[in-house]
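Q:
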Amino acid sequence: MTHQIQAGEIFVFGSNTTGRHGKGAALTAKLHFGAKQGQGVGLEGQSYAIPTKNGRLQTFPLSKIEQYVNDFIQFANQHHELKFFVTAIGTGLAGYKHEQIAPMFANAPANCRLPPEWIEILKS
6 MTHQIQAGEI
16 FVFGSNTTGR
26 HGKGAALTAK
36 LHFGAKQGQG
46 VGLEGQSYAI
56 PTKNGRLQTF
66 PLSKIEQYVN
76 DFIQFANQHH
86 ELKFFVTAIG
96 TGLAGYKHEQ
106 IAPMFANAPA
116 NCRLPPEWIE
126 ILKS
């Protein structure tokens, strides 16, 4: 995702619970959108971390990721003044397929912009 983040916009990325942010979208979040080393969950700067891996960098089961996604959706519902640009969390370094993760975002509010692949999956 190469979107330029403006005021009131949040970059949503997959992380690990210890907030190492060393690769992928997590590194982008740290370098460009205010994610802090050591914070692996929630809002920081203009970024929001959704854990897909534990502190030992082992991928969480889908049920655990879904709990974090539900927390994010609740947060987004409470913050209509913000616009969230959701990256394809869980489908890169965590190794899941888009078809496994996209349905977790079926109830995401209108202030969430989902990856195009997920929009197609959710339409079908």
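Numbering (our numbering), first residue to last: 6 to 129.
Glycine included, every Cβ here is placed at the ideal spot set by N, Cα and C.
Only counting the same chain, and skipping five residues up and downstream in sequence, which positions put a Cβ closer than 6 angstroms to that of glycine 45?
A: Taking the sequence shown and counting its residues from 1, one reaches residue 45 at position 40. Excluding the 5 residues flanking it on each side, glycine 45 has same chain C-beta neighbours closer than 6 angstroms at Ser20, Asn21, Thr22, Thr23, Gly24, Ala54 and Pro56, in chain order.
Q: The alpha helix (DSSP H) spanning alanine 54 covers which residue range?
A: By one-based count along the sequence shown, residue 54 stands at place 49. No alpha helix (DSSP H) holds alanine 54; the beta strand (DSSP E) holding it covers 52-58.
Q: Can you give me the start and stop residues for the alpha helix (DSSP H) that lysine 28 sits inside?
A: Here residue 28 refers to the residue found at position 23 when the sequence shown is read from its first residue. No alpha helix (DSSP H) holds lysine 28; DSSP gives it neither H nor E.
Q: Is it right to say glutamate 49 is buried, meaning 16 or more other beta carbons lie within 10 angstroms of its own, or is it exposed?
A: Translated into positions along the sequence shown, residue 49 becomes position 44. Per the 10 Å Cβ criterion, buried.
Q: Measure the C-alpha to C-alpha separation of tryptophan 123 and proline 114 and round it to an integer number of angstroms.
A: Residue mapping note: residue 123 aligns to position 118 of the sequence shown, counting from 1. Residue mapping note: residue 114 aligns to position 109 of the sequence shown, counting from 1. Each residue's alpha carbon lies about 14 angstroms from the other.
Q: Kindly give me the distance between the Cβ atoms of isoleucine 70 and glycine 95, rounded to whole angstroms, as I take these residues to be in contact under 8 angstroms.
A: In the sequence shown, counting from the first residue as 1, residue 70 sits at position 65. In the sequence shown, counting from the first residue as 1, residue 95 sits at position 90. Right, their Cβ atoms sit about 6 angstroms apart.
Q: Need the endpoints of the alpha helix (DSSP H) that serine 68 sits in, please.
A: Position 63 of the sequence shown, counted from the first residue, corresponds to residue 68. Its alpha helix (DSSP H) spans residues 67-83.
Q: Beta strand (DSSP E) containing glutamate 14: first to last residue?
A: Position 9 of the sequence shown, counting from 1, holds the residue named residue 14. From DSSP, the beta strand (DSSP E) with glutamate 14 extends over 14-21.
Q: Verify whether the separation of the beta carbon atoms of phenylalanine 89 and asparagine 59 is less than 8 angstroms.
A: Your numbering for residue 89 matches position 84 in the sequence shown. Your numbering for residue 59 matches position 54 in the sequence shown. It is not a contact, given that the beta carbons lie outside the stated cut-off.
Q: Let me make sure I understand the geometry here. Which of Thr33, Gly100 and Phe110 has the alpha-carbon closest to that of asparagine 82?
A: Within the sequence shown, numbered from 1, the residue matching residue 82 stands at position 77. With distances taken between Cα atoms, asparagine 82 lies closest to Phe110.
Q: Looking at the unbroken beta strand (DSSP E) that takes in lysine 88, where does it start and where does it end?
A: Translated into the one-based positions of the sequence shown, residue 88 becomes position 83. Here the beta strand (DSSP E) through lysine 88 covers 88-91.
Q: Just reading off the beta strand (DSSP E) that leucine 150 is part of, what are its end residues?
A: Any answer about residue 150 is impossible in this case: the structure gives the chain only from 6 up to 129.
Q: Does DSSP classify threonine 64 as helix, strand or coil?
A: The residue you call residue 64 lines up with position 59 of the sequence shown. Three-state result, threonine 64: strand.
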